[in-house]
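**Q** Note that full-length UniProt numbering has the sequence shown beginning at 1, numbered continuously upward. Next up is a structure, given as structure tokens.
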Amino acid sequence: MEATNVSKQKDIIQQSLITKTFPVTGMSCAGCASSVESILSQTDGVHSAAVNFASSTVLVDFETSTTEEKLQHALQQVGFDIIIDVEDPIEVQQEQQKKQYQDIKRRTIWSAIFTVPVFILGMFYMHWVPGKWISLLLTIPVLFWFGRNFYKNAIQQAKHGKANMDTLVAVSTGVAFLFSLCNTFFPKLLSDRGIEAHVYYEAATVIITFISLGKLLEEKAKYHTSSALQKLMGLQPKTLKIIDKGEEKEIPITAVLKGQTILVRPGEKIPVDGTVVQGHSYVDESMITGEPVPVAKQKGEKVFSGTINQKGSFQCIAEEIGSKTILAQIIQRVQEAQGSKAPVQKLVDKIASVFVPVVLILALFTFLIWIFVGGEHAFTHALSTSIAVLVIACPCALGLATPTAIMVGIGKGAEHNILIKDAESLEIAHKVDTVILDKTGTITQGQPVVTDIVWNNDELAEKHEPIIYAIESRSEHPLANSIIAYLKKGETLTTNITNFASITGKGVEAETTYGTKHYIGNEKFIKEQNVYIQPLLAEQSESLKKEAKTVVLYANHKEVLAVIGIADQIKEKSKDTIKTLQRKGIDVYMLTGDHEKTAATVAQKVGITHYIANMLPTQKSDVVKELQSQGKVVAMVGDGINDSEALAQADISIAMGKGSDIAIDVAKITLMTSDLNLIPKALLLSTHTVKGIRQNLFWAFIYNVIGIPIAAGVLYPINGFLLDPMIAGAAMALSSVSVVSNSLRLKLSKI
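Right under this line is the structure:
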């Protein structure tokens, strides 16, 4: 009985909960996402909160007694915010993201402009007294205006008992600034005790500028993520035309109801999922299937939101609207996929979470020891050594380790037509053990071309090619363009035809000026005309079908005169690239929305054993998830809207340069020339870059491992040596030079 009551109470609570997604502003790192979740989860009346860092949204389950304003106020208290009470919160969020990106870009540029003279003065004119005052004036805006977010984020992390790279940056630059400020205004405090009153303004400004550059790259990647979703949403028209009591009316897409009759004119995007009830046309469904040939639609055929109507017009009944359409589901799943991968916390952040407290404890420990054992100059030695510990541990080299290697790696990729938009992809691409290739537009050219024309008699070609050209020039069929392009070949083919007629889904017919009828279409259409087909042409037709080519027959009123084979040709380097990947121990899969027979033929020609045909966008994404659940690190390579969900789900997403804008925006790497041979090059580039990052981290820490004990004064009892803070600063600068030099070596690597 008690268990039943508990169950009923849970049901009542569940029914009284509101589940809502809010756009979040102010998040700049994975730590921020964690903070937002933590703050909302601890708010009264909130049962759960889950942040999608990629799309900057939070899904909240909260009781009806808790207002949205209360959630907003809780976040505003710690520097975050959610967007509520607006008609289109996503649009508002995207506008704010754009402003945030522009703001970070502006602050980074100005930070660099102010840092250059400070760096020059600090490194080459360190003993010029006016230089200290000039550096102070230039450093203040860099630290406390352009770099203010580092201090804000460090405070937020401290409130939750955490430390990351922002904490390390804030502590080190803050200490360097305060120590330098003291030495600028009161230099005799140290100089009277035999210690040079050196300043470290250049160290503080350089750290802020370089870490800001890394933040800018991150924000740019996030901005591209949101623009991809915006373009997907843009596939759905804002308005549509309905037929109401015989009259045509234009209404907003949000006002459409199930069962209404929708009018779709030539060239328009289809606004809803439905069934054709009148008219006929061809519809480009590449968004769903990835295949380049539009599909014939007539009465009784299904049409889908976001697909594009071609030359005809038709009416359809709205069956699925709003969030239930195929397009809406693709958008939702792309959002989920982008957020399902927990943001990889950077190695530097992991190190910083341990390194910051350790360094602070060591500095404090050093200060206390010298206070107790320092004798006559206890305070001077305590201050000097503790400052030296903090300065030598200053994270300039640590901050440079990843960004410099990434920047050189991105530049190296650009030289080879590999556009890398996301640093994380460059860091993990070397781990890829499975590559999934879309067929159309990735392995193949992505457009149908005529590969064969077999004539019943070769002498017929000269007379009948102009007739075929004239008929196909008036055809609406998508394959007509392929035939026209093949026959034209720079020549002008002209002939006159009359009584042209198009039979949707079958073919076309027309008469010449001599009154002779001619037919172009599929086998079923030609057989319906009761014309004779020579055994040789029938054999050629079957042979072309076995090669997974589309067969079009050309006939007059008596017999078939020619068989035309049309196919999407395989790219020249596809087979070699696939072999290269397989030799490296990488499993290669091919996924396609095309038919089984075509998929099998293409897979056999390029040497792929793992392939799946008849795939919908969601199914492609499910294959990626399945492979990831087996522990595979998956790279997805595609070019179409139908690939966007799988691209978002994959560990590494690669788009072909000639693909759709949406695929390019979702993907983190773009191959500008659509050359598949660039895939193994991108993976090798990642290997070199990660190797460079690890070497950089070694150089960054070897100075600390050796320098911190010396700075703390371990040599003093042996030979009376104490490390001057100025020498500590020089050691820190040397570690930075080592890191930058090692990163530049990446330019010489071969990929």
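All C-beta atoms, glycine included, are put in the ideal place defined by N, C-alpha and C. Quick caveat, the model's predicted, so the values are computed rather than measured.
Can you name, in chain order, every residue of its own chain whose Cβ lies under 7 Å from the Cβ of Lys-20, other than the five neighbours on each side?
**A** Hits under 7 Å: Val-60.
**Q** Buried or exposed: which applies to Glu-285, given that a residue is buried once 16 or more other Cβ atoms fall within 10 Å of its Cβ?
**A** Buried: at least 16 other Cβ atoms inside 10 Å.
**Q** Within the same chain, show all residues whose beta-carbon is closer than 7 Å to that of Ser-251, passing over the 5 residues directly before and after it, in chain order.
**A** Here residue 251 turns out to be Ile, not Ser, going by the sequence shown. These residues qualify, in order along the chain: Thr-239, Leu-240, Ile-242.
**Q** Please list the segments of the beta strand (DSSP E) lying wholly inside the region 565-616, counting only runs of 3 or more residues, in order along the chain.
**A** DSSP runs (the beta strand (DSSP E)) wholly in the region 565-616: 587-591, 610-612.
**Q** Which residue spans inside the region 395-473 form an unbroken beta strand (DSSP E) run of at least 3?
**A** Whole beta strand (DSSP E) segments, 3+ residues: 418-420, 434-438, 444-455.
**Q** For the beta strand (DSSP E) holding Gly-279, just list the boundary residues, first then last.
**A** First-last of the beta strand (DSSP E) with Gly-279: 273-279.
**Q** Runs of 3 residues minimum, wholly inside the region 233-269: which ones carry the beta strand (DSSP E) assignment?
**A** Within the region 233-269, the complete beta strand (DSSP E) runs of at least 3 residues are 239-244, 247-252, 261-264.
**Q** Does the Cβ-Cβ distance between Thr-385 and Gly-147 come in under 8 Å?
**A** Not a contact, by the Cβ cut-off of 8 Å.
**Q** What does Val-295 pair with, by DSSP beta-bridge criteria?
**A** According to DSSP, Val-295 bridges with Val-283.
**Q** Let me confirm a value: Asn-153 is counted as buried when at least 16 other C-beta atoms fall within 10 Å, else exposed. Which label applies?
**A** When all chains shown are included, Asn-153 counts as buried.
**Q** Output needed for Tyr-589: all residues of its chain with C-beta closer than 6 Å, excluding positions within five of it in sequence on either side, in chain order.
**A** The answer, listed in chain order, is Ile-436, His-610.
**Q** Between which two residues does the beta strand (DSSP E) carrying Val-634 extend?
**A** Here the beta strand (DSSP E) through Val-634 covers 634-638.
**Q** For Asn-309, which residues does DSSP report across the bridge?
**A** Paired residues: Val-283.
**Q** Taking Cβ to Cβ, would you say Phe-314 is nearer than 8 Å to Lys-297?
**A** Yes; because the gap between Cβ atoms is below 8 Å, this pair is in contact.
**Q** In terms of residues, what are the limits of the beta strand (DSSP E) holding Tyr-519?
**A** Looking at the DSSP string, the run of the beta strand (DSSP E) that includes Tyr-519 is 517-521.
**Q** Pick from Ile-751, Phe-62, Glu-69: whose alpha carbon is nearest that of Gly-413?
**A** If we check each option's Cα against that of Gly-413, Ile-751 comes out closest.
**Q** Measure the C-alpha to C-alpha separation of Thr-66 and Gln-76 and round it to an integer number of angstroms.
**A** Cα to Cα, Thr-66 sits roughly 16 Å from Gln-76.
**Q** Spatial neighbours of Lys-571 within its chain, please: C-beta separation below 7 Å, excluding the five flanking residues on both sides.
**A** Around Lys-571: Ile-443, Thr-444, Gln-445, Leu-676.
**Q** Roughly how many angstroms separate the alpha carbons of Lys-99 and Phe-210, rounded to a whole number?
**A** The alpha-carbon atoms of Lys-99 and Phe-210 are separated by roughly 21 Å.
**Q** How about residue 759 and Asn-309: do their beta carbons lie closer than 8 Å?
**A** Here the chain covers residues 1 to 751 and nothing more, so residue 759 does not appear.
**Q** Keeping to the same chain, check which residues put their C-beta closer than 7 Å to that of His-504; ignore five residues upstream and five downstream.
**A** Sequence check: residue 504 is Thr here, not His. Answer for Thr-504: His-280, Ala-296, Gln-298, listed in chain order.
**Q** Looking at the structure shown, is Thr-167 part of a helix, part of a strand, or coil, going by DSSP?
**A** Residue state, collapsed to three classes: helix.
**Q** Exposed or buried, what is Gly-490 when buried is set at 16 or more other beta-carbons lying within 10 Å of its beta-carbon?
**A** A caution first: Gly-490 carries a pLDDT of 47, below 50, which makes its placement in the model too unreliable to give a value.
**Q** Determine the burial state of Thr-516: buried for a count of at least 16 other Cβ atoms within 10 Å of its Cβ, exposed for fewer.
**A** Exposed, because fewer than 16 other Cβ atoms sit within 10 Å of the Cβ of Thr-516.
**Q** Name the DSSP bridge partner or partners of Ala-318?
**A** Its beta-bridge partners are Gly-274.
**Q** Since Ile-453 and Ile-564 are thought to touch, with beta carbons under 8 Å apart, how far apart are those beta carbons, to the nearest angstrom?
**A** Right, the Cβ-Cβ distance comes to about 5 Å (below 8 Å), so this counts as a contact.
**Q** In the DSSP assignment, find the beta strand (DSSP E) that holds Ala-555 and state where it starts and stops.
**A** Run containing Ala-555: 550-556, per the beta strand (DSSP E) assignment.
**Q** Only counting the same chain, and skipping five residues up and downstream in sequence, which positions put a Cβ closer than 6 Å to that of Ala-50?
**A** Hits under 6 Å: Leu-59.
**Q** Cβ atoms of Phe-80 and Ile-18: under 8 Å apart, would you say?
**A** Not in contact: Ile-18 and Phe-80 (Cβ atoms no closer than 8 Å).
**Q** For Val-737, count the other beta carbons within 10 Å of its own beta carbon; 16 or more makes it buried, fewer makes it exposed. Which is it?
**A** Val-737 comes out exposed.
**Q** Indicate the three-state DSSP secondary structure (helix, strand or coil) for Ser-653 in the structure shown.
**A** Of the three classes helix, strand and coil, the one that applies to Ser-653 here is strand, per DSSP.
**Q** Rank Ile-706, Ser-741, Gly-657 by C-alpha distance to the C-alpha of Leu-678 and give the top, closest one.
**A** Looking at the Cα atoms, Gly-657 is the closest of the given residues.
**Q** Does the distance from the C-beta atom of Val-199 to that of Ser-135 stay below 8 Å?
**A** Yes, they are a contact pair.
**Q** Just how far apart, CA to CA, sit Lys-584 and Ala-682?
**A** Cα to Cα, Lys-584 sits roughly 13 Å from Ala-682.
**Q** At what residues does the alpha helix (DSSP H) containing Val-666 begin and finish?
**A** Unbroken alpha helix (DSSP H) run through Val-666: 661-666.
**Q** Using beta-carbon positions only, say whether Val-449 and Gln-604 come within less than 8 Å of one another.
**A** In this structure, Gln-604 does not lie closer than 8 Å to Val-449 by Cβ.
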